[in-house]
Amino acid sequence: MTRRKHTRSQIAGRWLLFWTLFIGIGAVAGASGMLLDPSGKAMGMDAMLPYFQVLPFADILFQNYIFSGIALLVVNGLTNLTAAVLLLLKKKSGVVLGGVFGVTLMLWICIQFVIFPLNFMSTSYYVFGFCQAVTGYMTWVFCRQEAFRVDRSDYPNIGTDSTRLVVFFSRMGYVKKQAYEAANRSGAQVYEIKATERTEGTLGFWWCGRFAMHRWAMPIEPTVPDLTEYDHVTIYTPIWVFSLAAPVREFCKQAAGKIREADYILVHHTKGTYKNVSQEMDCLLGIAHTACVNISCKMGVFRNCG
Ligand SMILES: Cc1cc2nc3c(=O)[nH]c(=O)nc-3n(C[C@H](O)[C@H](O)[C@H](O)COP(=O)(O)O)c2cc1C
Numbered sequence: 001m002t003r004r005k006h007t008r009s010q011i012a013g014r015w016l017l018f019w020t021l022f023i024g025i026g027a028v029a030g031a032s033g034m035l036l037d038p039s040g041k042a043m044g045m046d047a048m049l050p051y052f053q054v055l056p057f058a059d060i061l062f063q064n065y066i067f068s069g070i071a072l073l074v075v076n077g078l079t080n081l082t083a084a085v086l087l088l089l090k091k092k093s094g095v096v097l098g099g100v101f102g103v104t105l106m107l108w109i110c111i112q113f114v115i116f117p118l119n120f121m122s123t124s125y126y127v128f129g130f131c132q133a134v135t136g137y138m139t140w141v142f143c144r145q146e147a148f149r150v151d152r153s154d155y156p157n158i159g160t161d162s163t164r165l166v167v168f169f170s171r172m173g174y175v176k177k178q179a180y181e182a183a184n185r186s187g188a189q190v191y192e193i194k195a196t197e198r199t200e201g202t203l204g205f206w207w208c209g210r211f212a213m214h215r216w217a218m219p220i221e222p223t224v225p226d227l228t229e230y231d232h233v234t235i236y237t238p239i240w241v242f243s244l245a246a247p248v249r250e251f252c253k254q255a256a257g258k259i260r261e262a263d264y265i266l267v268h269h270t271k272g273t274y275k276n277v278s279q280e281m282d283c284l285l286g287i288a289h290t291a292c293v294n295i296s297c298k299m300g301v302f303r304n305c306g
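Sequential numbering of the sequence shown, starting at 1, is according to this note's numbering.
Laid out in structure tokens, this is it:
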């Protein structure tokens with residue numbers, strides 16, 4: 001029996017569920033203690049009441065722990081438990097609320113930083129809030145990344161013009177989508193560069209980053225099409241660490257002298273125009289490109305930036 005591999009959003013989502021339950025249950029327990037014994041004696045917190053007297057309306061709100069208990073229950077308890085239930089029901093709102101309530105906890109602890117001397121508990125809970133907020137953000141990003149889909153069958157015009165070729169490398173599918181759309185418009189054939197090193201997932205991201213930092217070429221599977229047969233080749237590449245993606249660097253090296261005419265499409269997060277990349281590609285291929293377009297891509301939202 002094969003074990004089902006969990007996606008990154010599922011793993012991050014479980015951590016988020018842990019944080020919402022941990023903070024939520026802890027807050028409900030603390031609030032119950034305060035409301036059951038508002039003097040704070042039972043929880044050994046009566047000596048801390050004087051610290052609250054610097055807060056606004058302290059003479060009404062902070063003479064015992066009733067207001068603090070209700071506030072804790074509402075701000076950190078019920079909120080986090082609601083997010084936990086939404087996460088268990090696999091609702092997207094649970095992810096957003098789980099992250100937001102991490103920030104809420106950090107703000108709550110900021111009040112403690114102001115009124116109490118620096119202490120281990122407050123600092124720990126501030127760190128917990130930060131972890132929760134980051135986990136929420138990561139879950140949200142991973143969900144969006146995994147929801148991004150590219151289906152070759154949506155592009156029926158690809159391959160109708162045998163004189164043109166679109167070559168691309170894509171880790172997460174963003175560059176692939178742009179390449180398919182372009183090939184569908186022009187009728188060009190498409191060829192996907194495949195790296196033989198690990199590029200997928202979180203480990204793959206760091207591995208790609210290593211190649212990119214060193215400006216190394218990354219080994220690729222043998223190029224299938226005969227590049228000399230095409231009148232024009234369009235090369236789509238992601239930008240890695242302000243430079244040419246490592247598998248495309250290897251492709252360009254192997255394609256030197258075989259491509260007659262080419263244009264480049266550079267896909268990246270920023271609004272920059274990476275002239276160093278088009279220059280490197282020209283140098284590797286031994287040609288002068290006919291055009292170069294930069295496309296900024298943020299989680300599947302594309303913008304042409306010159
Ligand atoms: C290792 C690595 C380094 C990156 N470095 C940059 C960078 O320096 N600048 C930038 O704008 N985007 C950078 N990116 C983001 C990619 O260029 C961008 O997400 C692109 O859309 C990836 O497309 P793909 O997922 O189809 O391969 C980097 C991505 C990776 C994996």
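Where is the CB? At the ideal position from N, CA and C, for every residue including glycine.
All values reported here derive from a predicted model rather than from experimental measurement.
Should residue i be labelled buried (16 or more other beta-carbon atoms within 10 Å of its own) or exposed?
i, result
"Q53", "exposed"
"Q178", "buried"
"S162", "exposed"
"M213", "exposed"
"I60", "exposed"
"K176", "buried"
"A256", "exposed"
"E250", "buried"
"M299", "exposed"
"P247", "buried"
"W216", "exposed"
"M138", "buried"
"R164", "buried"
"S68", "buried"
"V224", "exposed"
Just list the residues that DSSP pairs residue i with in beta bridges.
i, result
"A195", "I220"
"D161", "A188"
"V315", "The requested residue 315 is not part of the displayed model; the chain covers only 1 to 306."
"I235", "V167, Y264"
"R298", "Here residue 298 turns out to be Lys, not Arg, going by the sequence shown. DSSP lists V301 as partners of K298."
Got a sec: does ligand 3 put a non-hydrogen atom nearer than 8 angstroms to the Cβ of residue i?
i, result
"T79", "With respect to ligand 3, the structure offers nothing, as its ligand set consists of ligand 1."
- Query: What runs of the alpha helix (DSSP H), each 4 residues or longer, lie entirely inside the stretch 53-92?
  - Reply: 58-61, 66-72, 79-88
- Message: Check whether the stretch 267-286 and the stretch 225-243 are in contact - that is, three or more C-beta pairs closer than 8 angstroms.
- Response: yes
- Item | 4-residue-minimum alpha helix (DSSP H) runs that sit fully inside the stretch 248-294, ordered along the chain | 275-285
- Task: Mind listing, in chain order, the continuous alpha helix (DSSP H) runs of no fewer than 4 residues lying wholly within the stretch 91-165?
- Result: 92-115, 120-147
- Task: Check whether the stretch 27-42 touches the stretch 72-80, taking contact to mean three or more Cβ pairs, one atom from each stretch, closer than 8 angstroms.
- Result: yes
- Message: Count Cβ pairs between the stretch 95-107 and the stretch 130-137 that sit closer than 8 angstroms; are there 3 or more?
- Response: yes
- When the Cβ atoms of the stretch 184-202 are set against those of the stretch 151-170, are three or more pairs found closer than 8 angstroms? yes
- Query: Is the stretch 81-88 touching the stretch 9-24, taking contact as three or more C-beta pairs under 8 angstroms?
  - Reply: yes
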